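**Q**
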Amino acid sequence: MNPSSRLAPDLYHLWNFGNSSSSDQSEFISLACGLVPEHATYTEKSTNIIYTSDANYIDSGLAGRIRDEYKQNFQQQTWTLRSFPEGARNCYNFNLTANRRYLISGSFIYGNYDGQNKLPSFDLHIGPNKWISVSISGVAEDLFHEMIHVLTQDHLQVCLVKTGETTPFISSLELRPLHNETYVTESGSLISVSRFFFAPIASYIRYADDIHDRAWNPYSLDEQMMSISTDNVVDTDNYYDVPQRVARTAAVPKNASQPLTLDLSLDETNAESYIYMHFAEIQKLGANEIREFSITYNDDQELSSYFRPSNLSITTLFSPAAISSADGNLIFTFAMTGNSSLPPLINAIEIYNVLDLPEPETDQDEVSAMVNIKRNYELEKKVSWQGDPCAPKAFRWEGVNCTYPKYEPQGIITLNLAENKLTGSITPEITKLTQLIELDLSNNDLSGSIPDFLADMKSLKLINLSGNPKLNSTIPDSLQKRLKNNSLKLILSETPIKETKKVPVIAIAAPMAGVFILFVILAILLVVRKKKRENTGGPPSITAGSETQTRSSNPTIITKDIRVTYSEVLKITNNFQRVLGKGGFGTVYHGNLDDAQVAVKMLSHSSAQGYKEFKAEVELLSRVHHRHLVGLVGYCEDGDNLALIYEYMANGDLREHMSGKRGGNILTWENRMQIAVEAAQGLEYLHNGCRPPMVHRDVKTTNILLNERYEARLADFGLSRSFPIDGEYHVSTAVAGTPGYLDPEYHKTNSLSEKSDVYSFGIVLLEIITNQPVIDKERERPHINEWAVLMLTKGDIRSIIDPKLMGDYVTNGAWKTLELALACVNPSSNRRPTMAHVVMELNQCVALENARKQGSEEMSSRGSVNFSLSSASEFIPGAR
């Protein structure tokens, strides 16, 4: 039995999904493409989904309509469409929320809209990366493509790309936000393959039955299985929000003694896939009845053993890593265990293929700047200015050249807008192109003055403003300085630039005699500097570990405008009046900046945290922002005075609170779980939300800071390192970190990966659970990991939980947290979970504690379960 994997059969748009209007559509984006006029909106009767025109999300393409004879087969949003006869790439642009998970779908119904009966084929892209190839095989065929995608930036582009002679088009485009705790994968986005439920009568389910508007298809039951159902309400509140109509039905084998088998197609061989299975016990069991079964795939690959569905409550099982099949089919077998008196069941299953996104996006600020430049100068008709300005290279915007670093976002280094009929003043949006080297605005109709902000663009080397007769040619003093020191060339000649657009270098420079004098002065300075080095034994340096680093040899820190002078630091700290703390790096002082409290970390000249680490932290925190990463307010690099200015964290670090140094109340289990999940979210963002990804390398309780509301922020990024995203999962680097928290595999091999951070976070979790020091030579087992395992062999979990909690915690949640911590510190990095999975598990621990606080015991058995999360029993046989 090999059911179709398509999510939308031909009759998909005919089905009446229910007319409930109570579900919230406030965050839905539902576009009927090509709908006119621009402000048009209507409600689709069969779903009550409100559709609007796509005109506000795209500035290219032509509106069209399918032929009337095809309309009766489809919902109204597909009666119109937008086609793209011009340009190789045409893109929809959305302003959304970074790090948010979205369900994105598109419908494509040709309907002979152009009267040519020529079936189109083209590609669909998400940002600069290919999503899928769209190939229409029939005039009345309804193609429906869907994916799950986590945004890396605050904007999203969905692009149609021409691949042949036919014209790309799209009928509808829809975006739905999902819970971030769902559909967690190790890498890549997900392409929907199948989403099945097991109803006795074939029907399709979508919004409003599914509040996230996922399309659920009925599975074609074969002769070996049957469907069962219930009228009782099933608790589906485990973030996946399975619809009631899905949860109330299930498949079981007709012969209760036989296993239940599902044969599913992946659509392609060797596809990397993620599986999500939803289970709920929907039959009333007798006093001695047990339903327990194992789950395997492709005969011998075990996914779960001894699984028991919860009574009228959904549990979601999923694969923590992608699985594959050489022949493109996955066969799942659900078999009774020896303890079971009832056959296995399953309520629903979802299958997704991994979509790798190898092309990094251009820096978000630069993309925003280019979009604003396009709008300011009314350049919407530039057909190449669609999508990402730099990526992929084949679709780079006309007049734009970019850098393509291996592990960093692309940056724009050349912008040529010559002969584009530009009017008005020179827009300050240009200053957001922080890596720009050459700017050509020649032969336009610009007016106003030459702005002095151009002088602040440190990377800018050449400006061509020739051929703008209305432009005031007075050069600001700040630009004059750049011209005099030869760090910038400015072209104001009226000579037009023709044909090749090569810019003739006509520099405003000093007379030749002045140049000669300048060379003489420079030569004298070099001689004096050389003698000074000989007398002092070389230039001053700052030591970082075993490396000697010369300050003058380090490149300038590239940041936004947050640099302050040393005199300003003195003013901020009131001459270093109040000390907040001291460490190997130096001293942290309390300060006030713009009526806000700040913490100022002054780097000691003898600090092991040298200039390299200082530079790394400034550059990282200047481009990386997350609510659970400490915010950088400013920095000082004034001679030998180095300072980092952070947001003030009123409650210090986690270690202080765990040790009782700050006095006051003991952190409750609820507090600890919330702090753990927030710190994990910050670390998960470094691993998955950054481009390029980052490895922190020094995760520990003293680097988890707490604000006045006890919200956690991960801090101290001086040892952080960029991480490859092109398939290389490890980088070799000198070992760095704190003893006790340091990944032993990394220490042994010098091979760094994000799993090194996972190990360190596991140690943090053990501290949170036990309130024990990481290393204590007075213990029988000095290291906290070895001690915890030893104590579990001697007794139950209460022997290692912090006794100060006085038993005030839910035991299931404590076990779950301990198992997670032990999984994180597995000696083999390959067997550790990802931080995305850690976040999901900790969220469930928080939910368990919240349920206990609310007096709900039933919720304790609810949630998502990882197929292969390492448990305490892996380390200690018979631990529970």
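When we follow the working numbering, the leftmost residue of the sequence shown carries the number 8, and every step to the right adds one.
In this text, a Cβ means the ideal position worked out from N, Cα and C, and glycines have one as well.
What you are looking at is a predicted structure, and each value in this text was computed from that prediction instead of being measured.
1) Could you compute how far the alpha carbon of Ala-650 sits from the alpha carbon of Glu-575?
2) Under 8 angstroms, do Glu-296 and Leu-352 count as touching if we go by C-beta distance?
3) What are the complete beta strand (DSSP E) segments, minimum 3 residues, inside the region 173-254?
4) Could you tell me whether any Cβ in chain D is nearer than 8 angstroms to the Cβ of Glu-387?
5) Taking only heavy atoms of the ligand GTP into account, decide whether any of them is closer than 7 angstroms to the Cβ of Ala-95.
6) Let's see if you can read the secondary structure: which residues bound the beta strand (DSSP E) around Val-141?
7) Can you tell me the Cβ-Cβ gap for Leu-772 and Leu-721, rounded? I've got them flagged as a contact below 8 angstroms.
8) Quick test of your reading: Ser-236 and Arg-255, contact by CB under 8 angstroms. State the CB separation rounded to the nearest angstrom.
9) Mark Asn-336 as exposed unless 16 or more other C-beta atoms lie within 10 angstroms of its C-beta, in which case mark it buried.
10) Between which two residues does the beta strand (DSSP E) holding Met-842 run?
11) Which residues in the same chain as Leu-103 place their Cβ atom closer than 8 angstroms to its Cβ, once the five residues preceding and following it in sequence are excluded?
12) Write down every uninterrupted run of the beta strand (DSSP E) in the region 432-492 whose length is 3 residues or greater and which is fully enclosed by it, in chain order.
13) How would you write the range of the alpha helix (DSSP H) that Arg-382 sits in, first residue to last?
14) Please confirm whether Val-625 and Lys-608 have their CB atoms less than 8 angstroms apart.
15) So what does DSSP say about Phe-341, is it helix, strand or coil?
16) Looking at Leu-486 and Asp-459, is the spacing between their C-beta atoms short of 8 angstroms?
17) Considering only the alpha carbon of each residue, which of Ser-67, Asp-447 and Tyr-384 lies closest to Thr-430?
18) Taking only three categories from DSSP, how would you classify His-754?
19) May I have the straight-line CA-CA distance separating Pro-92 from Cys-98, to the nearest angstrom?
20) Does the region 109-118 touch the region 146-156, meaning 3 or more C-beta pairs lie closer than 8 angstroms?
21) Does the beta-carbon of Val-586 have 16 or more other beta-carbons within 10 angstroms, so that it is buried, or is it exposed?
22) Can you round the beta-carbon distance between Val-817 and Glu-774 to whole angstroms, since I take them to be within the 8 angstroms contact cut?
23) Buried or exposed: where does Gln-79 fall if 16 or more other Cβ atoms within 10 Å of its Cβ makes it buried?
24) I need the DSSP call for Phe-286, collapsed to helix, strand or coil.
25) Pull the bridge partners of Phe-115 from the DSSP assignment, please.
26) So Ser-331 and Ala-278 are supposed to be a Cβ contact under 8 angstroms. How far apart are they, rounded?
27) Since Ser-53 and Leu-42 should fall inside the 8 angstroms C-beta cutoff, what is the C-beta to C-beta distance between them, to a whole number of angstroms?
28) Name the DSSP beta bridge partners of Gln-308, please?
29) I'd like to confirm the pairing. Which residues does DSSP put opposite Ile-330 in its beta bridges?
30) Do Gln-393 and Cys-40 have their C-beta atoms within less than 8 angstroms of each other?
31) Of the choices Phe-203, Leu-448, Ser-629 and His-633, whose alpha-carbon is the least far from that of Leu-639?
32) So Ser-201 packs on Gln-84, CB below 8 angstroms; how close in whole Å?
33) Spatial neighbours of Leu-131 within its chain, please: C-beta separation below 7 angstroms, excluding the five flanking residues on both sides.
34) Select from Gly-122, His-635, Leu-467 and Thr-173 the residue whose C-alpha is nearest the C-alpha of Ile-143.
35) Am I right that Tyr-472 and Ser-449 are in contact with their C-beta atoms under 8 angstroms? What's the rounded C-beta distance?
36) So what's Asn-833 in DSSP terms, helix, strand or just coil?
**A** On the basis of the supplied data:
1) Ala-650 and Glu-575 have their C-alpha atoms some 11 angstroms from each other.
2) For Glu-296 and Leu-352, no; Cβs fall outside 8 angstroms.
3) 179-185, 196-204 and 232-236
4) Here chain D cannot be found, since the structure has a single protein chain.
5) Ligands are entirely absent from the displayed structure, and the ligand GTP is therefore not among its contents.
6) Counting along the chain, the beta strand (DSSP E) containing Val-141 begins and ends at 136-142.
7) Leu-772 to Leu-721, Cβ: 14 angstroms. No contact.
8) 6 angstroms
9) exposed
10) Not the beta strand (DSSP E): Met-842 falls in the alpha helix (DSSP H), residues 842-860.
11) Tyr-109, Leu-158, Asp-161, His-162, Leu-163 and Leu-182, listed in sequence order.
12) 445-447 and 469-471
13) 371-383
14) no
15) Strand.
16) With respect to the 8 angstroms criterion, Asp-459 and Leu-486 are classified as neighbours on the basis of their beta carbons.
17) Tyr-384
18) helix
19) Their backbone Cα atoms lie some 13 angstroms apart in a straight line.
20) The count of Cβ pairs closer than 8 angstroms, one atom from the region 146-156 and one from the region 109-118, reaches three, so the stretches are in contact.
21) exposed
22) With 8 angstroms as the limit, Val-817 and Glu-774 do not qualify as a contact, their Cβ atoms being about 20 angstroms apart.
23) exposed
24) strand
25) Leu-150
26) 6 angstroms
27) With 8 angstroms as the limit, Ser-53 and Leu-42 do not qualify as a contact, their Cβ atoms being about 17 angstroms apart.
28) Tyr-304
29) Paired residue(s): Ser-280.
30) no
31) Ser-629
32) Contact flag wrong, Cβ pair sits at about 23 angstroms.
33) Gly-113, Trp-138, Ile-139, Val-141, His-152 and Leu-167
34) Thr-173
35) Residue identity differs from the one stated: residue 472 is Leu in this sequence, not Tyr. Indeed, because the Cβ distance is near 7 angstroms, the residues count as touching under 8 angstroms.
36) coil
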